[in-house]
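Enquirer: One structure coming up, written as structure tokens, with questions to follow.
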């Protein structure tokens with residue numbers, strides 16, 4: 011195995027361990043020692059890849075972004091190429107996946123952002139691109155954005171433990187949000203003149 015590949019595997023193992031520590035113990039208990047213990051690596055190996063806690067947070071956020079992009083590619087490949095509103099569908103499906111994962115790193119990522127909101131600019135830029143694409147793909151951009159925001163609401167309520175809905179009810183609502191056909195009667199087409 012090449013040195014670079016081993017280094018990448020070690021880096022990913024450190025990030026996975028950090029996600030586990032964050033999800034289980036929160037940001038206050040995320041230390042290099044805790045990550046080293048969780049990953050089975052030395053503290054030196056952890057600090058070799060991440061010089062500071064802020065660097066580790068950035069690595070976790072980039073790793074989750076890469077994971078999301080891979081999910082997005084896989085989801086889009088599974089859909090017909092001519093399916094309507096591709097970006098809206100992938101966003102809703104990704105939010106559902108985020109909530110349904112047993113060990114969702116979403117809570118860990120949210121805890122990072124509470125401690126250090128500076129990475130929010132990167133996330134806002136990414137979302138702005140998604141919103142542009144959702145608007146471009148939709149016959150009724152406002153309705154599409156309403157569905158997108160509703161999916162975010164379902165996801166965040168669940169992640170914060172505030173949702174009064176059962177898993178089954180939430181899953182059904184995600185199904186409804188993903189069902190393009192159910193929304194066609196609400197589409198408002200702008201007047202041509």
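Residue numbers (the numbering used here): 11 to 203. Just so you know, even glycine gets a beta-carbon here, dropped at the ideal spot from N, CA and C.
Less than 7 Å separating the beta-carbons of residue 52 and residue 44?
Expert: no
Enquirer: Taking the CB atoms as reference points, tell me whether residue 102 and residue 161 lie closer together than 7 Å.
Expert: yes
Enquirer: State the Cα-Cα distance for the pair residue 189 and residue 146, rounded to the nearest angstrom.
Expert: 19 Å
Enquirer: Would you be able to state if there are at least three C-beta pairs under 8 Å between the region 69-76 and the region 22-39?
Expert: Counting Cβ pairs under 8 Å, three or more are found: they touch.
Enquirer: Give the C-beta separation of residue 137 and residue 107 to the nearest angstrom, bearing in mind that I take them to be a contact with Cβ-Cβ under 8 Å.
Expert: So it is not a contact: roughly 17 Å between Cβ atoms.
Enquirer: So residue 35 is in the alpha helix (DSSP H); what residue range does that whole segment cover?
Expert: 13-35
Enquirer: What residue range does the alpha helix (DSSP H) around residue 95 cover?
Expert: Looking at the DSSP string, residue 95 is not in any alpha helix (DSSP H), and its letter there is neither H nor E.
Enquirer: From 148, 110, 187 and 191, pick the residue whose C-alpha is nearest to that of residue 176; which is it?
Expert: 110
Enquirer: Classify residue 18 as buried or exposed, calling it buried when 16 or more other Cβ atoms lie within 10 Å of its own Cβ.
Expert: exposed
Enquirer: For residue 181, which residues from the same chain have a beta carbon less than 8 Å from its beta carbon, with the 5 sequence-adjacent residues on both sides left out?
Expert: 106 and 110
Enquirer: Using three-state DSSP, classify residue 50 as helix, strand or coil.
Expert: coil
Enquirer: For residue 173, I'd like the list of residues in its chain whose CB is within less than 8 Å of its CB, leaving aside the five on either flank, ordered along the chain.
Expert: 164, 167 and 180
Enquirer: Taking only the alpha-carbon atoms, compute the straight-line gap between residue 55 and residue 35 and give it to the nearest angstrom.
Expert: 21 Å
Enquirer: Within a Cβ cutoff of 7 Å, which residues of the same chain sit near residue 100, ignoring the five residues on either side of it in sequence?
Expert: 82, 85 and 86
Enquirer: Output needed for residue 153: all residues of its chain with C-beta closer than 8 Å, excluding positions within five of it in sequence on either side, in chain order.
Expert: 193, 196, 197 and 198
Enquirer: Go through its chain and collect everything with a Cβ distance to residue 187's Cβ below 7 Å, but skip five positions before and after it.
Expert: If we look at residue 187 and ignore the five residues flanking it on each side, its Cβ neighbours are 102, 157, 160 and 161.
Enquirer: For residue 62, does the three-state DSSP call read helix, strand or coil?
Expert: coil
Enquirer: Between 134, 67 and 62, which has its C-alpha nearest residue 32's C-alpha?
Expert: Comparing C-alpha distances from residue 32 to each of 134, 67 and 62 shows the shortest one belongs to 67.
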